[in-house]
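Student: Below: one structure in structure tokens.
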Amino acid sequence: MEDLVSAFGLLARWDVLLALMIGSIGGVIIGAIPGVGAAVAIAILLPATFSLDPLVGLTMLLGIYGSSMYGGSIPAILINTPGTAVNALTTYDGYPMTQRGDSRRAVSLAYSASFFGGVVGILCLILLSPALAWIAPHFGSREIFLAALLGIVLVVLAHRGQIFAAGMLASFGIFLGTIGLEPIQYTQRFTFGQTWLSSGVDLIVVVLGLFALSQAFLLLVEKDSSPQAQPLTGSLFSGLKELFQHKRVASAASGFGVVMGMIPGVGEFTAQFMSYTYAQKTSDKPELFGKGSPEGLIASEAANNAVPAAAMIPLLALGVPGEALTAMMLSVFYVHNVIPGPQLFQNQMDFVLALYVAMLVLNVMVLIFLLFSTNLLTKIIQIPTRFLGIVILTLSFVGVYSLRNSATDCAIAAGFGVLGLILKRLNLPVVPIVLGMVLGGIMETKLRSAMARVKEPLDFIDRPIAAFLFITILIVIALHIRTMINEHKKRMPDEDHELHDTQLR
Amino acid sequence: MIVKIKTLKQLFQRNRRPGNLFFAGVFLALALFLLVQIPHQTVWKSGAKWSAQPALWPAISIVGMTLFASLNWTSAFVSPKIAGRWKEISFWLLSLEYVAWFMVYVALVPKAGYLPTTIVFAVLLAMRTGYRTKKMLVCAALTAVVVVVVFKAFLQVKVPGGQVYEYLPDALRSFMLTYL
């Protein structure tokens, strides 16, 4: 209780509230614009948040993370173009509703389901806190090493049909993290005698290149377009009432979001798939799914909005990010010398609770903002894509250059921008590179410190949590191989789709 | 095209695009080059534990890169050819023009100052990308001003003042150096 009071004390500052407001409203706007996702915005804003108080910086980034999916549902429903990658499933039922003249109802339901999912996710996080605070100190170096290894394995296996490419890119990410002067024996690694490589490849430079600059280059080279969305008429409050008629679907979808969000490397897509399948199987009108089913829309939006809060669990409790956005946030913690992990829960529980409460407040702010300004957002969607490219390029400069005023950093970022553009065009995933860089560094440090106390190889997994994680890794790989064999035997035809369209990130 | 997802396989499936074989080949070549460089670019310290060897993680990552890049290239090589490879590669190369724009912008900011360079950059780039109307060019200039004011004046990010600011009168110079 003391921690909760202290958490409110931390939040009751004008700068934190302002950051929360800018982050949440900015996130909605960014999410609503097709072609710019939360990843681009967070990458650009990261260096600017370094000069802010850690809570101010983090609430701003959390605001963007938690609210972009709300905004992304607007173009998904109105013009059949998801605002962010995780709104793709929303187009299945949202756009058919628009086509039959139910756009207001669809948007209203999407907001309500998003709010429900977001709040359930945060409540689960708050309720799980005592358990996390109890279990987190049991994670030593070897457990954190195995958790990071599990994250890498999952992020590779999650890219079915592109596992080789995902494995190659994750390994590349781990390699990038090793370049430069290593801190133990002080030897140079892959610097080729170049002084500019001695300090290594900065994660933020890579992130800005892969997410922001690549998107700017892509938009500038592609043909110009300007999406058109019809304004909505009438009140958007009705969805809140209608959501209660589908509370079972909304609760199950949020539950899937929470569970999948907690597992590194899995996230929104799997949560949405499971909740959508569940909703369809248990519906009275399964034939309506894909043709404008309100339940389908709720399943998609409640699941994806429950993920951000859950994704904070491995980050805060173990210091192990499970996806790209939390990986970026990790750098904010490090810059301010706040080390996420077991100690954070023991020593700064009020800080952790303040982040939870901030997420709760941001969901309320976003809902209120959206209920009154959706029509304004339908105008913002119409920004021509090449103009958007110019804006992103200008903003990317601030992001990279303000780090250490280095033209070399800008050149490296531009190089990664071209790599990101190629990956996006090939529809290959960018996330494994970023997670490889972050988790690779964690694995190197933790393996070194863990092995100092390990005499026999089996000692490494002689503690319950380490053994559990090790067995989980083996089971995940075994299950994957079994599924591949089964699918091969059934000769299931491949169908191309753009659900994972990397260009939307 | 978005198809209806019915199975987990369909959910995670990402099909190949034109240019995939070329990219797979380039990446494999990079992995092989790095593999050959391991003995020259890393050190194996005698007496140190294997887990504390500086060469361990570069070796693990490069071996992983080589293994997966070989499988990826083989998979691309044995798959049916997708038309449009060179058109796709030329698209990638077109992005280099904007890399050049970006690097010129980076080089000019410390000399001509953040605000003037950003305005000129945004307006010229808007013209280059086909916007000729007065409205769009004014929008580009205004966007540049907003970006500079928000980041330099309000958020106080570290972007150095331009050398040309030195020629301004004292009062204006210090204002420009601090805020714009």
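Going down the list, the sequences are from chains A and B.
Residue numbering for the first sequence is 1 to 505, as defined by my numbering.
Residue numbering for the second sequence is 1001 to 1180, as defined by my numbering.
Ideal placement from N, C-alpha and C gives every residue a C-beta, glycine not left out.
1. What residues from chain B crowd round Phe164 (chain A), counting only those whose CB sits closer than 7 Å?
2. Using the beta-carbon of each residue, which ones in chain B are nearer than 8 Å to Pro47 (chain A)?
3. What are the start and end residues of each continuous alpha helix (DSSP H) run of 4 or more residues lying completely inside the segment 18–56 of chain A, in chain order?
4. Alpha carbon to alpha carbon, what distance is there between Pro342 (chain A) and Met349 (chain A)?
5. Going along the chain, which residues of its own chain have a beta-carbon closer than 7 Å to the beta-carbon of His480 (chain A), five neighbours each way excluded?
6. Could you tell me the boundaries of the alpha helix (DSSP H) in which Asp462 (chain A) lies?
7. Strictly below 7 Å CB to CB, what residues from chain B border Met262 (chain A)?
8. Should Thr1178 (chain B) be flagged as near chain A, meaning a C-beta pair shorter than 8 Å?
9. For Gly161 (chain A), which three-state DSSP category applies?
10. Between the segment 451–459 of chain A and the segment 121–137 of chain A, can you find at least three pairs of beta-carbon atoms closer than 8 Å?
11. My output table needs one value for Gly118 (chain A): the three-state DSSP class, helix, strand or coil.
12. For Ala1141 (chain B), which residues in chain A fall below 8 Å Cβ to Cβ?
13. Could you tell me which residues DSSP puts in a beta bridge with Leu181 (chain A)?
14. Please go through the same chain and pick out, in chain order, the residues whose beta-carbon is closer than 6 Å to the beta-carbon of Leu169 (chain A), but skip the five residues on each side of it.
15. Measure from the alpha carbon of Arg189 (chain A) to the alpha carbon of each residue in B:Gln1037, B:Leu1028, B:Val1159, B:Asn1020, then state which is nearest.
16. For Asn427 (chain A), does the three-state DSSP call read helix, strand or coil?
17. For Phe351 (chain A), does the three-state DSSP call read helix, strand or coil?
18. Thinking C-alpha only, which one of A:Ala48, A:Ala306, A:Glu301 is nearest Ala76 (chain A)?
19. Quick one: which chain A residues come within Cβ less than 7 Å of Ile1062 (chain B)?
20. Under 8 Å, do Pro231 (chain A) and Asn80 (chain A) count as touching if we go by C-beta distance?
21. May I have the straight-line CA-CA distance separating Phe468 (chain A) from Ala309 (chain A), to the nearest angstrom?
22. Using the beta-carbon of each residue, which ones in chain A are nearer than 8 Å to Tyr1165 (chain B)?
23. Using a Cβ-Cβ cut-off of 6 Å (strictly less than) and excluding sequence neighbours within five positions of Asp93 (chain A), which residues of its own chain qualify?
24. Compare the C-alpha of Ile465 (chain A) against each of A:Leu123, A:Gly121, A:Gly26, A:Ala136 and name the closest.
25. Taking one C-beta from the segment 1065–1073 of chain B and one from the segment 193–207 of chain A each time, how about it: are there three or more such pairs within less than 8 Å?
26. Any beta carbon of chain A sitting closer than 8 Å to that of Asp1170 (chain B)?
27. Would you decide whether Arg160 (chain A) is buried or exposed? Buried here means 16 or more other CB atoms lie within 10 Å of its CB.
28. Might you give, ordered along the chain, the residues of its own chain that have their beta carbon closer than 6 Å to the beta carbon of Leu1035 (chain B), omitting 5 neighbours on each side?
29. Would you say Asn593 (chain A) faces chain B, with C-beta separation under 8 Å as the test?
30. Which of helix, strand or coil does DSSP assign to Ser199 (chain A)?
31. Are the C-beta of Gly417 (chain A) and some C-beta of chain B separated by less than 8 Å?
32. Short of 6 Å in beta carbon distance, which residues of its chain neighbour Asp53 (chain A), apart from the five on each side in sequence? Order them along the chain.
33. Please compile the residues from chain E whose C-beta is within a distance smaller than 9 Å of the C-beta of Gln346 (chain A).
34. Is Tyr1165 (chain B) near Arg1173 (chain B), with beta carbons less than 8 Å apart?
35. Can you tell me whether Gln99 (chain A) is buried or exposed, with buried defined as 16 or more other CB within 10 angstroms of its CB?
36. Expressed to the nearest angstrom, what Euclidean distance is found between the alpha-carbon atoms of Phe139 (chain A) and Ser283 (chain A)?
Tutor: The relevant details are as follows:
1. Working through the first sequence from its first residue, we reach residue 164 (chain A) at position 164. At a beta-carbon threshold of 7 Å, the residues of chain B lying near Phe164 (chain A) are Phe1068, Leu1071, Asn1072, Ser1075, ordered along the chain.
2. Along the first sequence, one-based indexing puts residue 47 (chain A) at 47. Ordered by position in chain B, the residues that pass the 8 Å Cβ test against Pro47 (chain A) are Val1157.
3. Taking only runs of at least 4 residues, the alpha helix (DSSP H) segments lying wholly in the segment 18–56 of chain A are 38–49.
4. Taking the first sequence and counting its residues from 1, one reaches residue 349 (chain A) at position 349. Taking the first sequence and counting its residues from 1, one reaches residue 342 (chain A) at position 342. When rounded, the separation of the alpha-carbon atoms in Met349 (chain A) and Pro342 (chain A) is 10 Å.
5. Sequence index remark: in the first sequence, residue 480 (chain A) carries index 480 (1-based). The beta carbon of His480 (chain A) lies closer than 7 Å to those of Leu157 in the same chain, with the five residues before and after it left out.
6. Residue mapping note: residue 462 (chain A) aligns to position 462 of the first sequence, counting from 1. For Asp462 (chain A), there is no enclosing alpha helix (DSSP H), as DSSP marks it with neither H nor E.
7. Working through the first sequence from its first residue, we reach residue 262 (chain A) at position 262. One finds nothing in chain B with a Cβ atom closer than 7 Å to the Cβ of Met262 (chain A); even the nearest lies about 19 Å away.
8. Sequence index remark: in the second sequence, residue 1178 (chain B) carries index 178 (1-based). Taking Cβ atoms only, chain A never reaches closer than 8 Å to Thr1178 (chain B), which makes this a no.
9. Here residue 161 (chain A) is taken as the residue at index 161 of the first sequence, counted from 1. Here DSSP, grouped into helix, strand and coil, assigns Gly161 (chain A) to coil.
10. These segments do not touch.
11. Translated into positions along the first sequence, residue 118 (chain A) becomes position 118. Three-state result, Gly118 (chain A): helix.
12. In the second sequence, the residue the question calls residue 1141 (chain B) occupies position 141. Per Cβ cutoff of 8 Å: no residues; Ala1141 (chain B) is ~11 Å from chain A at best.
13. As a position in the first sequence, residue 181 (chain A) is number 181, starting the count at 1. According to DSSP, which records beta bridges pairwise, Leu181 (chain A) is partnered with A:Gln188.
14. Counted from its first residue, the first sequence places residue 169 (chain A) at position 169. Leaving aside the five residues that flank Leu169 (chain A) on each side, the residues in its chain whose CB is nearer than 6 Å to its CB run, in chain order, Pro432, Ile433.
15. As a position in the first sequence, residue 189 (chain A) is number 189, starting the count at 1. Nearest of B:Gln1037, B:Leu1028, B:Val1159, B:Asn1020 to Arg189 (chain A), Cα basis: B:Gln1037.
16. Numbered from its first residue, the first sequence carries residue 427 (chain A) at position 427. Asn427 (chain A) falls in the coil class under three-state DSSP.
17. Translated into the one-based positions of the first sequence, residue 351 (chain A) becomes position 351. DSSP, read as helix, strand or coil, puts Phe351 (chain A) in helix.
18. The residue you call residue 76 (chain A) lines up with position 76 of the first sequence. The shortest Cα separation from Ala76 (chain A) among A:Ala48, A:Ala306, A:Glu301 belongs to A:Glu301.
19. Counting from one through the second sequence, the residue named residue 1062 (chain B) turns up at place 62. Chain-order list of chain A residues neighbouring Ile1062 (chain B): Phe175, by C-beta distance under 7 Å.
20. Within the first sequence, numbered from 1, the residue matching residue 231 (chain A) stands at position 231. Within the first sequence, numbered from 1, the residue matching residue 80 (chain A) stands at position 80. No. Outside cutoff.
21. Indexing the first sequence from 1 puts residue 468 (chain A) at position 468. Indexing the first sequence from 1 puts residue 309 (chain A) at position 309. Approximately 24 Å, taken between the alpha carbons.
22. Sequence index remark: in the second sequence, residue 1165 (chain B) carries index 165 (1-based). Chain A residues near Tyr1165 (chain B): none, gap ~16 Å exceeds 8 Å.
23. Residue numbering aside, residue 93 (chain A) sits at position 93 when the first sequence is read from its first letter. Close CB contacts of Asp93 (chain A) within its chain, under the 6 Å cut and outside five residues either way in sequence, are with Gly292, Ser293, Gly296, Leu297 (chain order).
24. In the first sequence, counting from the first residue as 1, residue 465 (chain A) sits at position 465. If we check each option's Cα against that of Ile465 (chain A), A:Ala136 comes out closest.
25. Too few Cβ pairs lie closer than 8 Å, so no.
26. Here the question's residue 1170 (chain B) lines up with position 170 in the second sequence. For Asp1170 (chain B), the answer is no, since every Cβ of chain A falls outside 8 Å of its Cβ.
27. To locate residue 160 (chain A), count along the first sequence from 1; it is residue 160. Around the beta carbon of Arg160 (chain A), 16 or more other beta carbons lie within 10 angstroms, which makes this residue buried.
28. Translated into the one-based positions of the second sequence, residue 1035 (chain B) becomes position 35. Once the five neighbours on either side are set aside, the close Cβ partners of Leu1035 (chain B) are Ile1062, Thr1066.
29. Lying before the first or after the last residue shown, residue 593 (chain A) is absent from chain A, which here runs from 1 to 505.
30. Translated into positions along the first sequence, residue 199 (chain A) becomes position 199. Here Ser199 (chain A) carries a coil assignment [DSSP, helix/strand/coil].
31. Walking along the first sequence from the start, residue 417 (chain A) turns up at place 417. So yes, Gly417 (chain A) belongs to the interface.
32. Residue numbering aside, residue 53 (chain A) sits at position 53 when the first sequence is read from its first letter. Around Asp53 (chain A): no qualifying Cβ.
33. Of the protein chains in the structure, A and B, none is chain E.
34. To locate residue 1165 (chain B), count along the second sequence from 1; it is residue 165. To locate residue 1173 (chain B), count along the second sequence from 1; it is residue 173. Going by C-beta atoms, Tyr1165 (chain B) is nearer than 8 Å to Arg1173 (chain B).
35. Looking up residue 99 (chain A) in the first sequence gives position 99. By the 10 Å Cβ count, Gln99 (chain A) comes out exposed.
36. In the first sequence, the residue the question calls residue 139 (chain A) occupies position 139. In the first sequence, the residue the question calls residue 283 (chain A) occupies position 283. Going from the Cα of Phe139 (chain A) to the Cα of Ser283 (chain A) covers about 42 Å.
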